[in-house]
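Asks:
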Amino acid sequence: MANTLANEAHQRSLKDFLTLYNTITEYCFSKCISNFNERSPSVNETSCVETCTDNYVQYNQRFMFNFVDHQERRKRDLESAAVEAANKEAAVAQDAQTLELSVAQEQNIQQAAQLLESMSSSPANSEFSVETRTGSTDHPYQASHQSQLSVDSPKNSASNT
């Protein structure tokens, strides 16, 4: 497979070179050769052909250099655009995840509010008392600091008074 690709690349390069050679030959011949009466070209025709081919080769080299440079810039631009698109996609995904968390948090808050509302509206919880006692008197310090706490609802305290 790799050998086939290398062979195809070699054939393409040879074809490009021959196309360039034929183009230069036709262009410079038509531009510089005008006298067909002699067997060999004149000095002027020879210098014209040399100048023409040199200029054409230099032009082709500059063109190919600019083409390769343009392709590299285009590749870098496409890569940076792909990175930007990936970053934007990651940001959108993160925003969506944050939004999902916010929705879940909002649902938890609503459930807690409903639970608190149901606890405050039920008749069993309208009057309550809490007692806390410190039990063991094994330690002298604990025995001196025993306490009792009683909390009554506003209804209870109003009825006691």
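Residue 34 in the UniProt record's numbering sits at position 34 of the sequence shown; the count goes up by one each step and never skips. We put the CB at the ideal spot given by N, CA and C, even for glycine.
Is it the case that the stretch 52-63 contacts the stretch 75-89, given that we only count it when at least three CB pairs across the two stretches are under 8 Å?
Replies: Cβ pair count under 8 Å is below three, so no.
Asks: Could you tell me whether the Cβ atoms of C28 and V43 are closer together than 8 Å?
Replies: Stepping through the sequence shown from its first residue, residue 28 is reached at position 28. Stepping through the sequence shown from its first residue, residue 43 is reached at position 43. Not closer than 8 Å, so no.
Asks: Take N37 and list the residues in its own chain whose beta-carbon comes closer than 8 Å to its own, dropping the five residues that flank it on each side.
Replies: Stepping through the sequence shown from its first residue, residue 37 is reached at position 37. Cβ neighbours of N37 beyond the five flanking positions: none.
Asks: Rounded to whole angstroms, what's the CA-CA distance from T4 to E79? Just pull it up for me.
Replies: As a working note, residue 4 is residue 4 in the sequence shown. As a working note, residue 79 is residue 79 in the sequence shown. Those two C-alpha atoms are separated by around 29 Å.
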